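Q:
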Amino acid sequence: MHLNETHDQLLTSWVQSANKQGAEFPIQNLPFAVFKEKNSNNAFRGGVAIGDQVIDLKALAAKNLFHADVQQALDACALPTLNEFMAMGTEYWSALRLALSRALREGSDRQSEIESCLISQTNVEYDLPCVIGDYTDFYTSIYHATSVGKLFRPDNPLLPNYKWIPIGYHGRSSSIEVSGQTFHRPVGQTKAPDAIEPSLGPCKRLDYELELGIYIGKGNDLGDAIAINEADNHVFGYCLFNDWSARDLQAWEYQPLGPFLAKNFASTVSPWIVTNEALEPYRVAWSRDENDPQPMPYLESDKNRAFGAIDIKLEVLIESEQMRADNLPPYSLSKSSFKHSYWTVAQMVAHHTVNGCNLKAGDFFGSGTQSGPKPEEAGSLLELSNGGKQQIQLPNGEQRTFLQDGDNVIMRGFCQKEGGVRIGFGEVSSLILPAKVQP
Ligand code: CA
1111 MHLNETHDQL
1121 LTSWVQSANK
1131 QGAEFPIQNL
1141 PFAVFKEKNS
1151 NNAFRGGVAI
1161 GDQVIDLKAL
1171 AAKNLFHADV
1181 QQALDACALP
1191 TLNEFMAMGT
1201 EYWSALRLAL
1211 SRALREGSDR
1221 QSEIESCLIS
1231 QTNVEYDLPC
1241 VIGDYTDFYT
1251 SIYHATSVGK
1261 LFRPDNPLLP
1271 NYKWIPIGYH
1281 GRSSSIEVSG
1291 QTFHRPVGQT
1301 KAPDAIEPSL
1311 GPCKRLDYEL
1321 ELGIYIGKGN
1331 DLGDAIAINE
1341 ADNHVFGYCL
1351 FNDWSARDLQ
1361 AWEYQPLGPF
1371 LAKNFASTVS
1381 PWIVTNEALE
1391 PYRVAWSRDE
1401 NDPQPMPYLE
1411 SDKNRAFGAI
1421 DIKLEVLIES
1431 EQMRADNLPP
1441 YSLSKSSFKH
1451 SYWTVAQMVA
1461 HHTVNGCNLK
1471 AGDFFGSGTQ
1481 SGPKPEEAGS
1491 LLELSNGGKQ
1501 QIQLPNGEQR
1511 TFLQDGDNVI
1521 MRGFCQKEGG
1531 VRIGFGEVSS
1541 LILPAKVQP
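For the sequence shown, position 348 matches number 1458 in the working numbering, and the numbering has no gaps at all.
(1) Please look up how many angstroms separate the CB atoms of LYS1413 and GLY1243, rounded, as I've assumed it's under 8 Å.
(2) Relative to ligand 1, what is the chain-ordered list of residues with a Cβ closer than 6 Å to any of its non-hydrogen atoms?
(3) Under the assumption that VAL1426 contacts SER1444 (Cβ atoms under 8 Å), give the Cβ distance between them as a whole number of angstroms.
(4) Alpha carbons only, please: which of TYR1236, GLY1489, VAL1384, THR1511 is nearest the one belonging to THR1250?
(5) Just list the residues that DSSP pairs CYS1313 with in beta bridges.
(6) Does the beta-carbon of GLY1281 have 16 or more other beta-carbons within 10 angstroms, so that it is buried, or is it exposed?
(7) If you check the beta carbons only, do ALA1143 and PRO1136 fall under 8 Å apart?
(8) Ignore the nearest five residues each way along the sequence and tell me which others in ASP1473's own chain have a CB closer than 8 Å to its CB.
(9) Under a three-way DSSP split, which group does ASN1271 fall into?
(10) Bridge partners of GLY1523, per DSSP?
(11) Look at the alpha carbon of SER1540 and the alpha carbon of SER1289, and state the distance between them as a whole number of angstroms.
(12) Check each candidate in ILE1277, TRP1362, VAL1531, ASP1515 and name the one with the smallest Cα separation from ALA1305.
(13) Identify, in the order they occur along the chain, each residue of the same chain with its Cβ nearer than 6 Å to the Cβ of LEU1238, setting aside the five sequence neighbours on each side.
(14) Starting from HIS1461, follow the alpha helix (DSSP H) in both directions and report where the run begins and ends.
(15) Quick check on the DSSP output: the alpha helix (DSSP H) that includes CYS1187 runs from which residue to which?
(16) When we look at the beta-carbon of LEU1167 and count the other beta-carbons within 10 Å, is it buried (16 or more) or exposed?
(17) Quick check on the DSSP output: what are the complete beta strand (DSSP E) runs of length 3 or more inside the segment 1355-1386, in order along the chain?
(18) Given a cut-off of 8 Å, decide if ILE1428 and PRO1440 are closer than it, judged by their beta-carbon atoms.
(19) For the alpha helix (DSSP H) containing ALA1255, name the first residue and the last one.
(20) Inspect the beta-carbon positions of PHE1535 and CYS1349 and report whether they are closer than 8 Å.
(21) In the DSSP assignment, find the alpha helix (DSSP H) that holds THR1116 and state where it starts and stops.
(22) For the segment 1364-1380 and the segment 1398-1414, state whether three or more C-beta atom pairs, one from each stretch, are separated by less than 8 Å.
(23) From the DSSP output, read off the bridge partner residues of ALA1169.
(24) If you follow the beta strand (DSSP E) that ARG1155 is in, where does it begin and where does it stop?
(25) Cα-Cα, which of GLN1432, ASN1437, LEU1438, GLU1486 is closest to SER1447?
(26) Just to confirm the assignment, what range does the alpha helix (DSSP H) spanning GLN1432 have?
(27) Would you call the segment 1269-1277 and the segment 1453-1468 touching, i.e. three or more CB-CB distances under 8 Å?
(28) State the CB to CB distance for the pair GLU1390 and ARG1207, rounded to an integer number of angstroms; the pair is presumed to be in contact (CB under 8 Å).
(29) Could you check which residue in LYS1527, LYS1484, ALA1545, ALA1153 has the C-alpha nearest to that of LEU1513?
(30) Are the Cβ atoms of GLN1138 and LEU1113 separated by less than 8 Å?
(31) Just how far apart, CA to CA, sit HIS1254 and ALA1213?
(32) How many angstroms separate the CA atom of GLY1498 from the CA atom of ARG1415?
(33) For ILE1277, name the three-state secondary structure that DSSP assigns.
(34) Are the CB atoms of TRP1203 and PHE1417 nearer to each other than 8 Å?
(35) To the nearest angstrom, how far is the alpha carbon of GLU1201 from that of LYS1148?
(36) Between the C-alpha atoms of LYS1527 and TYR1392, what's the straight-line distance to the nearest angstrom?
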């Protein structure tokens, strides 16, 4: 673990909203997004959250307040995507974080200069923080893999490669959008087990997947693997990720080559990227059950054992059309933590590149659905409804097995140690529209 002065739990900011108990964005967090003023023709540019404000990094760059490394980082953050900044590497990310932390602290002599770069979060809208080149979706919760495996293959739930390989597939980045995304219920081929032939129609088993998104920063050259102990230098940060899934399409199409149209109609990210550096204090030990195969050497290290996992608490909530009409609050469906992941992000990076595959700044990993060990910690409706066999009761009397049109799904996440500061992820929310009538 690399802790420095920016992680000091006692730091407070002259931005008073950052010091409130339970604030999402205290001075220890400093996450990045791309934003502009709501309904304006202004260009999108990089911003950092502090309390209920955004620091406009383009405006800050124009002030030329900082030394060369920080200024170079700020100039990259002034662009409409953060790819260039993400490609610069840990030295520049850390230099900017340190400069912002010092400038935002109570008593800083930079206060008046920074104040003029603040915009209220209520007045901004967000875009994807970077151009996402390639998107890889992993499958790192053994609890999710086992319970989904049971539904699809009762006799053979967990395939033998699961405990050796961080399993993943190459997804599609074109349909990834930022929180607030709305999308039409997908149409596709499905085949009921007792039907003779498949039929085409709107998906009947629409589901969410509670995942973390991982943004790659500095990439690697084609042919060069990233060693497990180097992996974290290539990870820029994390967001919340809803990997929408059409379970009935998936069941019919997924063999032999894996998910296809069941997964590429929409995926939604939260606007803020919480940096890898901000998450350092929440790293925890990673272990592998002694009865399971131990990782091969390229997936094994003391550092990964000591600090490879991160305790990011996750929650998924539903808000139906009826609940919105009646002004009822969203209902919490489940809670989990990323610390339960069978594989760490360092292992995902090491495995993804062991064959020489090149990652690039802005590439994106989904962690896979983060279901915890208890059934009520499941990260999808497929699991919570036991494959659609059990109704989930909502407090207003509605029931769900899978999602209905008008449902809004909200995901939240945070890190917090006993008595310590809370580092929030904000939220990702998106809404299902009825299927489009196909010509
Ligand atoms: Ca997924």
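We treat Cβ as the ideally placed atom computed from N, Cα and C, and that holds for glycine.
Model, not experiment: these values are computed from the prediction.
A: Checking against the coordinates, here is how it stands:
(1) The C-beta distance from LYS1413 to GLY1243 rounds to 28 Å, too long to meet the 8 Å contact threshold.
(2) Residues flagged by the Cβ proximity filter: ASP1247, GLU1319, GLU1321, ASP1353, GLY1476, GLY1478, THR1479.
(3) The distance from the Cβ of VAL1426 to that of SER1444 is about 6 Å, consistent with a contact at the 8 Å cut-off.
(4) The shortest C-alpha to C-alpha distance from THR1250 to any of TYR1236, GLY1489, VAL1384, THR1511 is the one to GLY1489.
(5) None, per the DSSP bridge assignment.
(6) Per the 10 Å Cβ criterion, buried.
(7) It is not a contact, given that the beta carbons lie outside the stated cut-off.
(8) Cβ neighbours of ASP1473 beyond the five flanking positions: ILE1242, GLY1243, ASP1244, TYR1245, THR1246, TYR1325, ILE1326, GLY1329.
(9) If DSSP states are grouped into helix, strand and coil, ASN1271 belongs with the helices.
(10) Partner(s): LEU1424.
(11) When rounded, the distance between both Cα atoms is 6 Å.
(12) The candidate whose alpha carbon is nearest that of ALA1305 is TRP1362.
(13) Closer than 6 Å at Cβ, skipping near neighbours: VAL1288.
(14) Counting along the chain, the unbroken alpha helix (DSSP H) around HIS1461 starts and ends at 1455-1463.
(15) Its alpha helix (DSSP H) spans residues 1178-1187.
(16) LEU1167 is classed as buried because its beta carbon has at least 16 other beta carbons within 10 Å across all chains shown.
(17) Fully enclosed beta strand (DSSP E) runs of 3 or longer: 1377-1379.
(18) Contact: yes.
(19) From DSSP, the alpha helix (DSSP H) with ALA1255 extends over 1252-1262.
(20) Yes, the pair counts as a contact, with Cβ atoms nearer than the cut-off.
(21) Unbroken run through THR1116: none, as it is neither H nor E.
(22) The answer is no - the segment 1398-1414 does not touch the segment 1364-1380, with fewer than three Cβ pairs under 8 Å.
(23) Per the DSSP secondary-structure output, ALA1169 pairs with nothing in a beta bridge.
(24) It spans 1155-1160 - the beta strand (DSSP E) in which ARG1155 sits, taken as one unbroken run.
(25) When each option's Cα is compared against that of SER1447, the closest is GLU1486.
(26) From DSSP, the alpha helix (DSSP H) with GLN1432 extends over 1431-1435.
(27) With the cut-off at 8 Å, the segment 1269-1277 and the segment 1453-1468 touch.
(28) Incorrect: roughly 11 Å between the Cβ atoms, too far for contact.
(29) Per the Cα distances, ALA1545.
(30) No, they are not a contact pair.
(31) Spanning the two alpha carbons is a distance of roughly 43 Å.
(32) Using only the alpha carbons, I get a separation of about 37 Å.
(33) DSSP places ILE1277 in the coil class of the three-state scheme, outside both helix and strand.
(34) No; because the gap between Cβ atoms is not below 8 Å, this pair is not in contact.
(35) GLU1201 and LYS1148: Cα-Cα distance of roughly 33 Å.
(36) Roughly 7 Å separates the two Cα atoms.
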